[in-house]
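Per the working numbering, the very first residue in the sequence shown carries number 1; after that it's consecutive. Don't be surprised by glycine CBs; every beta carbon is placed ideally from N, CA and C.
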Amino acid sequence: MATTTGLFPNNTAFITGSSGGVGALLTQSFSDVKLIPLHKDATPHQTQTLLHLAASTQNIVESNIIYLKESLELAKKLHVENIVFFSSMSVYGDQDQENIDEAQPLNHPNLYGISKYFGEQYLKESPFNILILRLPAVLTKQTQTYIANLLNDLQHNREITLTNHQKVFNNFISVRDIAHFLSHVKIQKKFEILNLASPQEPSLYEVVTYLKELSHSTSKITILNTKKRYYNININKAVVAYNFQPSPYKISLKQWWDIRNER
1 MATTTGLFPN NTAFITGSSG GVGALLTQSF SDVKLIPLHK DATPHQTQTL
51 LHLAASTQNI VESNIIYLKE SLELAKKLHV ENIVFFSSMS VYGDQDQENI
101 DEAQPLNHPN LYGISKYFGE QYLKESPFNI LILRLPAVLT KQTQTYIANL
151 LNDLQHNREI TLTNHQKVFN NFISVRDIAH FLSHVKIQKK FEILNLASPQ
201 EPSLYEVVTY LKELSHSTSK ITILNTKKRY YNININKAVV AYNFQPSPYK
251 ISLKQWWDIR NER
């Protein structure tokens, strides 16, 4: 078992992917942690922790596999002890299951999901303390996700058609919630996988109607009672074992709205 320790004992961390949408917001969201881009000229003992965000849905082999291996080799030379790997709910693949937890069997993930799962397993064999964060849609300025497409349709006053409208929908998370969690988490195991997401509270309909309110949309919302594939995310492990306290969904969505409208 890993020694129980905070991730940022000297208020610094190496980071990959700092120029991406999540990385840029994460840098802004930490109030007292300095993130240092990982590079060959970094000096040992600057920090004990690496946040590995770098990933791509297009250059999958180069970004998600080769660059991960290169980053780990450099982390060894820099005497890094802890690695937080930003994985994805896409590792679970094509799901039709409520309350997906970390033990959920994978079901034909796409190539991106496979690359993330490879990264998780590759890290499992490494000498570092590993914390895997399986994340849903992260609320950034530019994102191509289901919830982002919903908001885009609302902003253009297009009709919204919903199935599973009464079921819990927490398939998103704010960067601030991720930053707050990392600021307080203590590594308890050599290798740990956690789902992080918004609270398991709102229905899909409540999320959409609140986004409609934020965007002052005139979109018509049509409800279909036909069955369609559906999942939501179980975060009990992170809540109970690691004291994860995500913000109420309206706070996260309002922060997202403000981020998207920043000039």
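Item, Value
"Quick one: what's S29 bridged to in DSSP?", "Answer is none; S29 lacks a bridge partner."
"Can you give me the Cβ contacts of S115 inside the same chain, cut-off strictly under 7 Å, excluding the 5 residues immediately before and after it?", "I60, N64 and I65"
"If you draw a straight line from the alpha carbon of D41 to that of A54, how long is it in whole angstroms?", "19 Å"
"Give the straight-line distance between the Cα atoms of K124 and L38, rounded to the nearest whole angstrom.", "21 Å"
"Please list the terminal residues of the continuous beta strand (DSSP E) segment that includes V264.", "Lying before the first or after the last residue shown, residue 264 is absent from the chain, which here runs from 1 to 263."
"So what's F191 in DSSP terms, helix, strand or just coil?", "strand"
"Starting from F8, trace the beta strand (DSSP E) both ways and give me its first and last residue.", "No beta strand (DSSP E) contains F8, which DSSP labels as neither H nor E."
"Measure the CB-CB distance between L133 and I187 and report whether it falls below 8 Å.", "no"
"Mind pulling the beta strand (DSSP E) runs of 3 or more residues that sit fully within the region 127 to 185?", "129 to 135, 137 to 139, 160 to 162 and 172 to 174"
"Measuring CB to CB, does K220 end up less than 8 Å from L154?", "no"
"So for K34, helix, strand or coil by DSSP?", "strand"
"What's the gap between the Cα of I178 and the Cα of A241?", "16 Å"
"Which same chain residues end up closer than 6 Å to G23 when comparing Cβ atoms and leaving out the 5 residues on each side of it in sequence?", "G17 and L53"
"Taking 8 Å as the cut-off, does the region 138 to 158 touch the region 101 to 116 (at least 3 CB pairs, one atom from each stretch)?", "no"
"Can you tell me the Cα-Cα spacing of E192 and T218, whole angstroms?", "45 Å"
"If you run the structure through DSSP and keep just helix, strand and coil, what is N99?", "strand"
"Spell out a yes or no on whether the region 82 to 98 and the region 226 to 245 are touching, meaning 3 or more CB-CB pairs, one atom from each, closer than 8 Å.", "yes"
"Within 10 angstroms of its Cβ, does F181 collect 16 or more other Cβ (buried), or is it exposed?", "buried"
"For I60, does the three-state DSSP call read helix, strand or coil?", "helix"
"May I ask you to report which of helix, strand or coil DSSP gives M1?", "The predicted position of M1 is uncertain, since its pLDDT is 42 and thus under 50; a value taken from the coordinates is nonetheless stated next. Reduced to three states, the DSSP call for M1 is coil."
"Which first and last residues belong to the alpha helix (DSSP H) in which Y67 is found?", "Y67 to K77"
"Drop a sphere of 10 angstroms on the beta-carbon of T222, count the other beta-carbons inside from all chains shown, and report buried for 16 or more, exposed for fewer.", "exposed"
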